[in-house]
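Numbering (the working numbering), first residue to last: 1 to 419.
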């Protein structure tokens with residue numbers, strides 16, 4: 001019998017959620033056949049069986065488990081696949097849950113002392129990640145919860161039972177009525193929305209970034225008149241040829257300019273980690289894409305070696321897959337630098353949060369027509385404000401200024417991006 005375990009589907013993945021089983025209990029599956037849909041911290045994707053056998057499901061839809069946890073078994077026959085044992089195990093788990101729930105109604109009979117489960121390596125109570133989050137939300141002390149999972153591990157059902165059987169707080173004396181509104185009345189009804197796996201990851205990583213990365217900001221105004229003109233000529237040429245040619249956007253030009261600049265400034269294409277600098281050989285630029293209630297960053301690999309047209313085509317395809325929810329974890333992994341653009345929403349300028357362990361992130365505002373002085377004359381030009389957020393542990397003020405200056409040089413002489 002072979003175990004099917006929760007796979008690691010991305011670099012930052014710590015746990016996954018079973019969204020949907022594509023095969024039913026007792027179905028015979030073949031190696032390479034898709035059996036389950038899993039939601040990770042970055043995307044939703046299917047997972048295929050790595051062996052032939054009869055499926056015995058262990059983890060239910062909606063369950064969140066750490067990497068390596070058993071989610072199913074593949075046996076030789078329906079009887080050998082673990083179906084009967086699984087039913088027995090689930091019955092036992094149900095009995096344990098009922099016993100815990102009933103403990104508030106009557107005092108359990110004395111029983112032989114059971115050995116305490118070993119704590120996690122960091123000394124904490126042995127519990128699943130889901131149980132820890134639920135305990136924190138419900139105010140349940142994990143140290144007081146008896147675990148019914150493997151090896152005495154505290155699971156979700158244990159925390160739910162403990163929260164229901166907790167002793168009620170002593171009733172406080174009734175206060176005299178006052179003219180003050182009841183808590184929450186001034187805000188009206190409150191609707192609680194649960195975070196998706198992607199939103200949970202964004203919240204955790206952004207909080208970690210703000211708490212651990214000492215960042216500083218550098219911003220410049222860049223004359224985009226030449227870039228706007230180049231794009232206009234490119235579109236006219238594509239229409240003249242009558243071919244299915246993609247026209248690079250101004251953001252595609254920014255990505256290309258950053259990729260070329262990153263070759264000249266290796267530390268901007270690196271990371272600070274554990275007291276040393278990591279300098280990456282490949283230049284992989286992440287492009288932030290707004291998805292439904294989330295922000296996803298697909299990666300253009302080897303962006304410095306790609307033509308501007310290749311970057312434009314790949315960026316468009318990746319953005320489409322993000323919005324269609326068909327993006328895969330490999331397409332979201334390996335970024336060494338990130339470009340975030342809110343210009344299409346009319347934002348003049350903004351500051352982006354660094355995505356650790358990257359050294360920097362570039363925030364791009366709207367390309368606007370402004371009155372500027374050129375050669376002593378007041379003229380109208382297309383101008384954009386860009387803000388570079390840098391990790392001060394690997395980049396210093398002059399480094400950030402020189403890097404952003406190089407990006408400006410390339411964008412103000414955009415033909416260099418086509419060579």
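Beta carbons: idealized from backbone N, C-alpha and C, even for Gly.
Integer-rounded CB distance, given that residue 400 should sit under 8 Å from residue 218: The Cβ separation is near 4 Å, so the contact holds.
Residue 61 versus residue 187 - alpha carbon distance: Distance between the alpha carbons of residue 61 and residue 187: 35 Å.
Bridge partners - residue 337, DSSP secondary structure assignment: According to DSSP, which records beta bridges pairwise, residue 337 is partnered with 285.
The region 330–347 / the region 274–288 touching (three or more Cβ pairs under 8 Å): Note that the region 330–347 touches the region 274–288; at least 3 beta-carbon pairs, one per stretch, sit closer than 8 Å.
C-alpha distance - residue 49 paired with residue 276, whole-angstrom precision: One C-alpha to the other measures close to 40 Å.
For residue 251, the three-state DSSP class (helix, strand or coil): Note: residue 251 maps to helix in three-state DSSP.
Local conformation of residue 39 per DSSP, three classes: Strand, per DSSP.
Length at least 3, wholly inside the region 346–414: the beta strand (DSSP E) runs in chain order: Assignment of beta strand (DSSP E) within the region 346–414, counting only whole runs of 3 or more residues, yields 360–364, 368–374 and 377–391 in chain order.
Alpha-carbon to alpha-carbon, residue 387 and residue 216: Those two C-alpha atoms are separated by around 10 Å.
Cα-Cα separation between residue 235 and residue 243, rounded to whole angstroms: Those two C-alpha atoms are separated by around 11 Å.
Burial state of residue 192, where buried means 16 or more other Cβ atoms lie within 10 Å: Around the beta carbon of residue 192, fewer than 16 other beta carbons sit within 10 angstroms, so the residue counts as exposed.
9 Å Cβ cutoff met for residue 15 and residue 67: Yes, the Cβ-Cβ distance between residue 15 and residue 67 is below 9 Å.
Residue 165, DSSP secondary structure in three states: Per DSSP, reduced to three states, the secondary structure at residue 165 is helical.
Beta-carbon proximity list for residue 102, same chain, < 8 Å, skipping 5 on both sides: Confidence at residue 102 is low in this model, with a pLDDT of 36, below 50, so the placement of that residue is unreliable and no value is reported for it.
Host beta strand (DSSP E) of residue 294 (start-end): 294–296 is the extent of the beta strand (DSSP E) around residue 294.
Between the CA atoms of residue 157 and residue 9 - distance to the nearest angstrom: Residue 9 and residue 157 have their C-alpha atoms roughly 27 Å apart.
For residue 70 and residue 475, the rounded distance between their alpha carbons: A query on residue 475 cannot be resolved here, the shown segment of the chain reaching from 1 to 419 and no further.
Cα-Cα separation, residue 160 to residue 19: Going by the C-alpha atoms only, they are around 21 Å apart.
Inter-residue spacing [alpha-carbon to alpha-carbon] between residue 415 and residue 202: Going by the C-alpha atoms only, they are around 37 Å apart.
Nearest-angstrom Cβ-Cβ length linking residue 225 and residue 382, presumed shorter than 8 Å: Right, their Cβ atoms sit about 5 Å apart.
CB of residue 364 within 9 Å of CB of residue 395, strictly: Against a cut-off of 9 Å, the Cβ pair of residue 395 and residue 364 comes out as no contact.
Beta-ladder partner(s) of residue 272, from DSSP: 277, per the DSSP bridge assignment.
Sequence-distant residues of the same chain with beta carbon closer than 6 Å to residue 319, five excluded per side: Listed in chain order, the non-local C-beta contacts of residue 319 below 6 Å within the same chain comprise 289, local neighbours out to five positions each way being set aside.
Beta-bridge partners of residue 216, as assigned by DSSP: Beta-bridge partners assigned by DSSP to residue 216: 390.
Contacting residues, own chain, Cβ-Cβ under 8 Å from residue 339 (five flanking each side not counted): Only 251, 254, 255, 258, 285, 286, 287, 288, 361, 362 and 364 meet the Cβ criterion.
Coil, strand or helix - residue 246 by DSSP: Here residue 246 sits in coil by DSSP.
Backbone CA spacing between residue 45 and residue 54 [nearest angstrom]: Whole-angstrom Cα-Cα distance: 22 Å.
The ligand HEM heavy atom lying under 8 Å from the CB of residue 417: Within the structure as shown, the ligand HEM is missing, as the structure has no ligands at all.
Contact belief for residue 265 with residue 402 at Cβ below 8 Å, rounded distance in angstroms: Confirmed, about 7 Å.
Residue 74 beta carbon less than 9 Å from that of residue 3: Contact: yes.
Rounded straight-line distance, which links the Cα of residue 376 to that of residue 323: Roughly 47 Å between the two C-alpha positions.
Simplified DSSP state of residue 302, which is helix, strand or coil: DSSP, reduced to helix, strand and coil, places residue 302 outside both helices and strands of the structure shown, so it counts as coil.
Residues that residue 328 bridges to, as DSSP identifies them: The beta-bridge partner set that DSSP reports for residue 328 is empty.
Environment of residue 418 [buried if 16+ CB atoms lie within 10 Å]: Label assigned to residue 418: exposed.
Counterpart residues of residue 157 in DSSP-defined beta bridges: According to DSSP, residue 157 bridges with nothing at all.
Residues that residue 29 bridges to, as DSSP identifies them: Residue 29 is bridged by DSSP to 53.
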